[in-house]
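**Q** Quick one: this structure, given as structure tokens, is what I'll be asking you about.
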Amino acid sequence: MRKILYLITQSELGGAQKNVLDLATALKYRYKILVVAGPEGNGALFERLDSAGVKNIRLRWLRRAINPLHDWLAVWEIGQVLLKEKPDIIHLHSSKAGLLGSLAASLFRPKAKVIYTSHGAAFSASFSKLKKGLFLWLEKLTAPLKDKIICVSPNEKKIWLREGAAPETKLAVVANGLDLEILSKILPADEAREELTSRNAPLFNALTGQPDEITLIGTVANFYPDKGLPYLIEAAEKVFQQTDKKIIFVVIGDGLERKLYEEMVSARGLE
């Protein structure tokens, strides 16, 4: 039975991690599966993998931030896992894991097939021009080390081609899947409102009495820089300055920047 090793940078259960979890649990009966991730995040990915009976390893040095010392230690650490586990396929997820994982694979497991899913090109994200240029250069540098680069949408593929980050022959579009059983668990609007208010006392009090006169504006997101939640908080402040209508903003989620967003909300008196 062939072995697939999935490598991802962080262990919170965001979109990329959910994709890894879905792949690992779906393929565990056809392949030997190993999921490897860095220490950052709340560890929810490891918990879900343990519950699903999927072997996983928590690395020490794989971090999201750029640090030359940590990054080379991570390459060595990943390499030791590759030497021990001898995977046939190495599937890299997220930009940092893609960079360091492809280097480690070329040095320690050159016979393995290397697949890379960036989950959104870092060189097109909301970083400074200098940082985006660095990410683009690194993607171009390591593209030859990858057998296939998966884009999650046709638009992402266009971005890779436009920037010359990799040849078209290396690029493939594979959209993220959705477990159709989840659709049956999505609540209708009225029931969803009732569930939300039962979990949040201020929201319950605000909606009690005249719910039809209140407009709810909400989002569900990982509390992560790329999601742009500070823009929503700033927009909410401006809305309340310009109207007397009864409007409630609801943000559902969790993540690394939760405390920052709570402080932004508090500083603007939007609790």
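Using my numbering, the letters of the sequence shown correspond one by one to residues 32 to 302.
Think of the CB as a built atom: it goes at the ideal place given N, C-alpha and C, for glycine as much as any other residue.
Please read these numbers as outputs of a predicted model, since none were measured by experiment.
#1: Between the region 73–83 and the region 47–56, can you find at least three pairs of beta-carbon atoms closer than 8 angstroms?
#2: If you run the structure through DSSP and keep just helix, strand and coil, what is H122?
#3: Flag this pair as touching only if the region 62–71 and the region 134–151 have three or more C-beta atom pairs under 8 angstroms; answer yes or no.
#4: Look at N253 and G45 and say whether their C-beta atoms are less than 8 angstroms apart.
#5: I need the straight-line Cα distance from V67 to L211, nearest angstrom please.
#6: Mapping the DSSP letters down to three states, classify R33 as helix, strand or coil.
#7: Please state if the CB of E170 and the CB of A304 are separated by a distance shorter than 8 angstroms.
#8: DSSP three-state call for V112: helix, strand or coil?
#9: Please determine, among R289, L52, V112 and R230, the residue with the shortest C-alpha to C-alpha distance to K258.
#10: Give me the residue from R224, R230 and L38 with the minimum Cα distance to E116.
#11: Ordered along the chain, which non-local residues of its own chain (more than five positions away) have a Cβ less than 7 angstroms from that of V251?
#12: I'd like the list of long-range same chain contacts for G72, defined as Cβ closer than 6 angstroms, with 5 residues on each side in sequence excluded.
#13: Cβ of L130 versus every heavy atom of the ligand NAD: is any distance shorter than 7 angstroms?
#14: Between the region 133–141 and the region 154–166, can you find at least three pairs of beta-carbon atoms closer than 8 angstroms?
#15: What are the partner residues of L65, as DSSP defines its beta bridges?
#16: G249: which of A223, S229, Q272 and Q273 sits nearest, CA to CA?
#17: Using a Cβ-Cβ cut-off of 6 angstroms (strictly less than) and excluding sequence neighbours within five positions of A105, which residues of its own chain qualify?
#18: Which whole-angstrom value describes the C-beta separation of H122 and A47, a residue pair presumed to lie in contact below a C-beta threshold of 8 angstroms?
#19: Please determine, among I109, E294, T274 and F271, the residue with the shortest C-alpha to C-alpha distance to P261.
#20: Output needed for K201: all residues of its chain with C-beta closer than 8 angstroms, excluding positions within five of it in sequence on either side, in chain order.
#21: Tell me which residue opens and which closes the alpha helix (DSSP H) that V296 is part of.
#22: Judging by CA-CA distance, which residue of L161, A156 and E268 is the nearest neighbour of I190?
#23: Decide if R79 is buried, meaning its Cβ has at least 16 other Cβ atoms within 10 Å, or exposed.
#24: Whose C-alpha, out of L291, V296, T246 and P256, is nearest the C-alpha of K277?
#25: Please name the residue, chosen from L291, F280 and F271, that lies closest to Y255 on a Cα-to-Cα basis.
**A** Inspection of the coordinates gives the following:
#1: yes
#2: strand
#3: no
#4: yes
#5: 27 angstroms
#6: coil
#7: Nothing can be reported for residue 304: it is not among the residues displayed for the chain, which extend from 32 to 302.
#8: helix
#9: R289
#10: L38
#11: I283 and G284
#12: Q41, S42 and E43
#13: This structure lacks the ligand NAD; in fact it carries no ligand of any kind.
#14: no
#15: L36 and K86
#16: A223
#17: W92, L93 and L131
#18: Wrong, their Cβ atoms sit about 11 angstroms apart, outside the cutoff.
#19: E294
#20: A174, K177, D178, K179 and I180
#21: R289 to A298
#22: A156
#23: buried
#24: T246
#25: L291
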